[in-house]
Amino acid sequence: MAFSARLNIAYSDFTLDVDLTIPAKGITAIFGPSGSGKTTLLRAIAGLHPKDLYKNGQGHIQFGDQIWQSDTDFLPTYKRPIGYVFQESSLFEHLSIQQNLDYGQKRIKKPLKPHERDHIIDLLGISHLLTRPADKLSGGERQRVAIARALLLRPRLLLMDEPMASLDFARKSEILRFLERLKTELKIPLIYISHNAEEVTRLADHLIILDQGKLQQQGPIQEVLANHKILNSMSDEPFTLLFGTVITARTDHNLTEVDLGDALIRIPHHEVKKQAEIRLHLYAKDVSIALSRPEQTSVLNIFDCQIDTIEPPTENGQCLIHLCLKNTRIQARVSAYSCAELDLRAGQQVFAQIKAVSIVQ
Amino acid sequence: MGFSDADLAALWLTFRIASITTILLLIIGTPIALWLARTNSRWKGPIGAIVALPLVLPPTVLGFYLLIAMGPNGPIGQITTALGLGTLTFTFWGLVIASVLYSMPFVVQPIQNAIEALGERPLEVAATLRAGPWDSFFTVTLPLARPGFITAAILGFAHTVGEFGVVLMVGGNIPGVTRVISVQIYDHVETMAYSQAHWLSGTMVIFSFVVLTIVYTFNRDRKKSGAGYGL
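Chains as they are written, first to last, in numbering that gives the first Met the number 0: chain A, 0 to 360; chain B, 0 to 230.
Below, the structure is given as structure tokens:
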């Protein structure tokens, strides 16, 4: 099943013009700088824009075989099978937390069974908040209630507009953990806005990149982010996102072994299960280059690579080097001085020493 | 010395007119306030101005035009005559219609302010939670803007109680039908019955003071809801 949207929305000073198709499963991240039209797109999917905003009535949204919007039809928001989590707290202040959760429940045809409700409430860790008034909750608690309220609608598609934008780091990682559990336990497709590369690379299966109201890229995250140029535009610090499978959860030396497909990488022990699919961040600053295989070194992971391209040096004397590790592409940042000293050239065989790698999932 | 029978009749009449007017105004004023709060139409300015006109017009001007409109040759008068109701001038219902127009801004504006202060977001949230427009009006807009509605009702009632110029023009001075408190006081003063005038006037002062105290106390507690009237 797929979700598709073809939209042309014109404000006086901004136009959103996109045509996208994504699988209606897993997590899709909409990524882009401020003002790129992320929220406009998400609101359009939810049907929150007035109809006259669509240029020449142009808009077509289809979820599976259900048409939400076409040239002739417009399914109002309250009839779309969605759950929507707004960027800021959106709890009804005149209702208690329990009443907030019940508000949508009462309005769907088949409300959840008590044990299903309890499961969601437990999943989000809000059972101790139910009797409190909405204005007595912290920002993180409010967002968790808002997410639970959306999930209790039995949505066929969940939409979230930067639900963590206003939260501090601790709250953010708390919600991120919940979203990960959502993905594995509830299996509701989620379209999620973010301008945080860390979050996106941690959660998303599918990526939509917007810029100035136009679609820059869409596709599975592996494919989109294989392009270093896109990846580096997302973050100040260049990195590579690696996907791997855990082969050994804990070796005798307290290491975790991960198969990257093209190489085996050993990382400090993490609480992961054997066969688990995990994602790793490999920062360019943590990769150094040697011309011969280093021996008698403390570095655990040394890969045989070929230099693909070398970017011109930056003002502070650093070169970004793109490497091919068989079919996997990684990047290394070395000083322009070393680059010249070692006489690095495209096509050359080198050894990449991985000093650190961090697990993101 | 206390209230005479005529005074009590005037008090009762005033109470009836003000109550009916308030109920009608909440029914008529709410959709107008909703529209004014939400619309981007170019008619927002002119319609808002028409609603606010009684704030600045001398009541006699409003009364004068209503007298003509409801009279036998006026548009309203012709309709009511055609319907077999006769003309509404110098009747109870004529006075109610005049009061509705006269007190309109005092009801529409607090409701409009409260709804504007709410913003679109609560309604969008309600829509994503499967609530249709009517549903969300009653379960979200109404409870969240309640202070605005209460302020509107109190001010609409109190302002109708206090009218004089419009009553005199449209309703005249018919005991039990159009002779409201303000007119009764005027009569007492005309006939030099100062102590009677004192009783009624003092009652009005206390009534108005209590009403405004309630409104101000209420609005101070609810400042956030934007229900204030800006008196």
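We put the CB at the ideal spot given by N, CA and C, even for glycine.
Under the three-state reduction of DSSP, Val84 of chain A is assigned to strand. From the listed residues B:Thr138, B:Pro30, B:Ala5, B:Thr20, the smallest Cα separation to Gly161 of chain B is found for B:Thr20.
For the pair Arg170 of chain A and Gly139 of chain A, the CB atoms are nearer than the 8 angstroms cut-off. The way I'd put it, the region 94 to 113 of chain B does touch the region 11 to 31 of chain B; three or more beta-carbon pairs between them come closer than 8 angstroms.
Within the region 1 to 49 of chain B, the runs of alpha helix (DSSP H) at least 4 residues long that lie entirely inside it are, in chain order, 4 to 37. Just so you know, the alpha carbons of Ala145 of chain A and Gln68 of chain A end up roughly 26 angstroms apart.
Residues of chain A whose Cβ lies closer than 8 angstroms to the Cβ of Arg120 of chain B are, in chain order, Phe85, Ser89. Counting other Cβ atoms within 10 Å of its Cβ, Phe13 of chain A stays below 16 and is therefore classed as exposed.
Here DSSP, grouped into helix, strand and coil, assigns Asn99 of chain A to helix. Contact annotation: Leu167 of chain B and Val188 of chain B have beta-carbon atoms that are not nearer than 8 angstroms. Taken in chain order, the complete alpha helix (DSSP H) segments of 4 residues or longer contained in the region 20 to 93 of chain A are 37 to 45. Under the 10 Å beta carbon count, Pro188 of chain A is surrounded by 16 or more other beta carbons and is classified as buried.
Residue-level contact by beta carbon holds for Gly131 of chain B and chain A, with a gap shorter than 8 angstroms. Segment contact: the region 330 to 347 of chain A against the region 288 to 299 of chain A, three or more CB-CB distances shorter than 8 angstroms; contact assigned. Residue range 1 to 9 is occupied by the beta strand (DSSP E) that includes Ala1 of chain A.
For Thr79 of chain B, the three-state secondary structure derived from DSSP is helix.
Within the DSSP secondary-structure output, His321 of chain A pairs in a beta bridge with A:Thr308, A:Gln330.
With respect to chain B, the C-beta atom of Gly103 of chain A has a partner C-beta closer than 8 angstroms. Gln195 of chain B sits buried, since 16 or more C-beta atoms from the chains shown fall within 10 Å of its C-beta. Chain-order list of chain B residues neighbouring Ile44 of chain A: empty, with the shortest C-beta distance near 11 angstroms, by a criterion of under 8 angstroms.
For the 8 angstroms CB-CB criterion, Ala130 of chain B and Arg106 of chain A form a contact.
Between Ile46 of chain B and Ile22 of chain B, the alpha-carbon positions lie close to 21 angstroms from each other.
Following the DSSP letters along the chain, one finds Ile277 of chain A inside the beta strand (DSSP E) bounded by residues 276 to 282.
For Tyr53 of chain A, no chain B residue has a Cβ inside 9 angstroms of its Cβ, as the nearest lies near 16 angstroms away. The C-beta of Arg116 of chain A comes no closer than 8 angstroms to any C-beta of chain B.
Straight-line spacing of the CA atoms in Ala9 of chain A and Pro49 of chain A works out to 12 angstroms. Bounds of any beta strand (DSSP E) do not take in Gln211 of chain A, whose DSSP letter is neither H nor E. Checking the DSSP bridge columns, you'll see Ile288 of chain A partnered with A:Ala351.
Annotation: Thr127 of chain B is outside any beta strand (DSSP E); the continuous alpha helix (DSSP H) that includes it extends over 120 to 127.
Boundaries for Arg153 of chain A: no alpha helix (DSSP H) harbours it, and the DSSP string shows neither H nor E there. When A:Gln142, A:Leu157, A:Pro113 are compared, the shortest CA-CA separation from Gly124 of chain A is found for A:Gln142. Distance from the CA atom of Ser89 of chain A to the CA atom of Val55 of chain B, rounded to whole angstroms, is 40 angstroms. Note: Asp16 of chain A is bridge-paired with A:Asn7, A:Lys213 in the DSSP secondary-structure output. Residue-level contact by beta carbon fails for Thr313 of chain A and chain B, as no gap is shorter than 8 angstroms. Taken atom to atom, the span from the alpha-carbon of Leu122 of chain B to that of Thr140 of chain B is near 7 angstroms. Neighbours of Leu40 of chain A in chain B, taken as residues at a C-beta separation under 9 angstroms, are lacking, since the least C-beta distance is about 16 angstroms.
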